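Respectively, the protein sequence lines represent chains A and B.
Letter 78 of the first sequence, counting from 1, is numbered 78 in the numbering used here, and no numbers are missing.
Letter 41 of the second sequence, counting from 1, is numbered 41 in the numbering used here, and no numbers are missing.
The beta carbon of each residue, even a glycine, is placed where N, CA and C say it ideally should be.
In this text, all values refer to a predicted model and were calculated from it rather than measured experimentally.
There are 2 protein chains.
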Amino acid sequence: MPGRRRGRVQNRCGRRINRFLEPCLLLLLHGGESYGYELLENLGKFGFTENPADSSTIYRILRSLENRGFATSRWAEGDSGPARRVYTLSTAGDGYLLMWMRDLEETDRILHRFFSEYRNHMELHHSNDKKT
Amino acid sequence: MPGRRRGRVQNRCGRRINRFLEPCLLLLLHGGESYGYELLENLGKFGFTENPADSSTIYRILRSLENRGFATSRWAEGDSGPARRVYTLSTAGDGYLLMWMRDLEETDRILHRFFSEYRNHMELHHSNDKKT
DNA sequence: TCATCTAGGTGCAGGTTGCATATAGATGAA
DNA sequence: TTCATCTATATGCAACCTGCACCTAGATGA
Numbered sequence: 001m002p003g004r005r006r007g008r009v010q011n012r013c014g015r016r017i018n019r020f021l022e023p024c025l026l027l028l029l030h031g032g033e034s035y036g037y038e039l040l041e042n043l044g045k046f047g048f049t050e051n052p053a054d055s056s057t058i059y060r061i062l063r064s065l066e067n068r069g070f071a072t073s074r075w076a077e078g079d080s081g082p083a084r085r086v087y088t089l090s091t092a093g094d095g096y097l098l099m100w101m102r103d104l105e106e107t108d109r110i111l112h113r114f115f116s117e118y119r120n121h122m123e124l125h126h127s128n129d130k131k132t
Numbered sequence: 001m002p003g004r005r006r007g008r009v010q011n012r013c014g015r016r017i018n019r020f021l022e023p024c025l026l027l028l029l030h031g032g033e034s035y036g037y038e039l040l041e042n043l044g045k046f047g048f049t050e051n052p053a054d055s056s057t058i059y060r061i062l063r064s065l066e067n068r069g070f071a072t073s074r075w076a077e078g079d080s081g082p083a084r085r086v087y088t089l090s091t092a093g094d095g096y097l098l099m100w101m102r103d104l105e106e107t108d109r110i111l112h113r114f115f116s117e118y119r120n121h122m123e124l125h126h127s128n129d130k131k132t
C-alpha cells in the first residue's frame, strides 16, 4: 500500500530507500567506466530484475554525478549502435560511494532498531493475550 | 551529501527510508491509543532523538491513517494543557502495520544485497591492487 | 523501406518531507 | 492582570525524488 498512486499502482518495486539507485550506479562505476544503457542492464545485481529501474532516473543521476564532480563523461563509439556517453568515477566519486556506504549502514541500524522494537512489543502483546 | 538542499542542509538525519515515520507511529499506536504530541516524544525509541521528527509530518500521517480507515480519532481532555486528538488503531490498522513490517523486511534484504555486492567488489578490487 | 534495437534525453505530475508560521488553550511568574 | 512559555494541532510552501509518457536519432537487418 505504501506508494500507491491515483488510478494506477506506482512501480516502486522495493526501491523504498531514497535515491538508492545512486549508490548502485556508483558501485558499478567503481568497477570501471560504463554508460547508461549498460548500467541499466547491470543493475540486476542489486535486485532490479523483476521491476527494472527507469532509464530516465539513471540518466539523470549520471548527469548529476558529473555536475557534482563525482564522475566525468566523454562520448565514445561502441562496436555497434549509436554513440555512448561513457562515465568514469573520479576520486571524489570514490569518496562519495564510501559516504553512501556509511549512510546505508546507518539506515540498516535504524531498520533493525525498528525490528527489535517490533518483536519486543509483539512478545509483550502476546503474553498479555494469554493472561487475559 | 545525499539530501542537500539549496541554501541550507536538509535535516534528513538517516531517515532514508520512505515514509518510515508511518510504521513507527503504527507500532506506537498498536501499544495503545495516543495523540500527536505524545507520539512525537515516544519516537525516541526508534532513534529520532538527535534529530527529532517534524511535528507537521506526524500530524499529517495521523490524519491520513484515519482517512484510510487505519485509525479513528476523538477529542479528549488531558490532565493539563489543551485538548488532544487521540488516535486508536483499527483492525485494518493492525493489518497495515503487518504489511509495513513485511515491506521493511524486503527493504532489509535489498540493503544487504547491496552490502554483499559492495564487500564482494572491494575484495576483488584490493586483490587486484596487490597484483599490480 | 521499415520495424526494431540501442542510446540518450525532456516534461510532467504525483508523492514525501522539512521549515516557517499560525492558532489557541493552559500555566505560572512578575 | 499581563505576558512568556508550554502544550497541542494544523496549514502553506518549496524542494526534492521518481515513474511514466514521449521524443530524437543512429545502427541493423529483413
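Under a three-way DSSP split, which group does residue i fall into?
i             : result
residue 49(B) : coil
residue 60(B) : helix
residue 19(A) : coil
residue 68(A) : coil
residue 3(B)  : The predicted position of residue 3(B) is uncertain, since its pLDDT is 49 and thus under 50; a value taken from the coordinates is nonetheless stated next. The answer is coil: DSSP assigns residue 3(B) none of H, G, I, E or B.
Considering just the uninterrupted stretch of the beta strand (DSSP E) at residue i, what are its terminal residues?
i             : result
residue 89(A) : 84–89
Can you name the start and end residues of the alpha helix (DSSP H) that residue i belongs to?
i             : result
residue 80(B) : Run containing residue 80(B): none; DSSP gives neither H nor E here.
residue 38(B) : 36–42
If you compare alpha carbons, which of the options is closest to residue i?
i              : options                          : result
residue 17(A)  : 40(A), 124(A) and 46(A)          : 46(A)
residue 30(A)  : 88(A), 126(A) and 119(A)         : 88(A)
residue 125(B) : 19(A), 109(A) and 32(A)          : 32(A)
residue 23(A)  : 65(A), 56(A), 119(A) and 41(A)   : 65(A)
residue 69(B)  : 51(B), 90(B) and 57(B)           : 90(B)
residue 105(B) : 82(A), 38(A), 103(A) and 115(A)  : 115(A)
residue 98(A)  : 27(A), 21(A), 20(A) and 19(A)    : 27(A)
residue 56(B)  : 122(B), 86(B) and 21(B)          : 21(B)
residue 48(A)  : 110(B), 120(B), 39(B) and 122(B) : 110(B)
residue 102(A) : 119(B), 128(B), 62(B) and 59(B)  : 119(B)
residue 81(B)  : 38(B), 63(B) and 60(B)           : 38(B)
Exposed or buried, what is residue i when buried is set at 16 or more other beta-carbons lying within 10 Å of its beta-carbon?
i              : result
residue 53(A)  : buried
residue 95(A)  : exposed
residue 75(B)  : exposed
residue 107(A) : buried
residue 34(A)  : buried
residue 93(B)  : buried
residue 79(B)  : exposed
residue 36(B)  : buried
residue 71(B)  : buried
Does the ligand NAP have even one heavy atom less than 7 Å from the beta-carbon of residue i?
i              : result
residue 126(B) : As for the ligand NAP, it is missing from this structure, which has no ligand bound.
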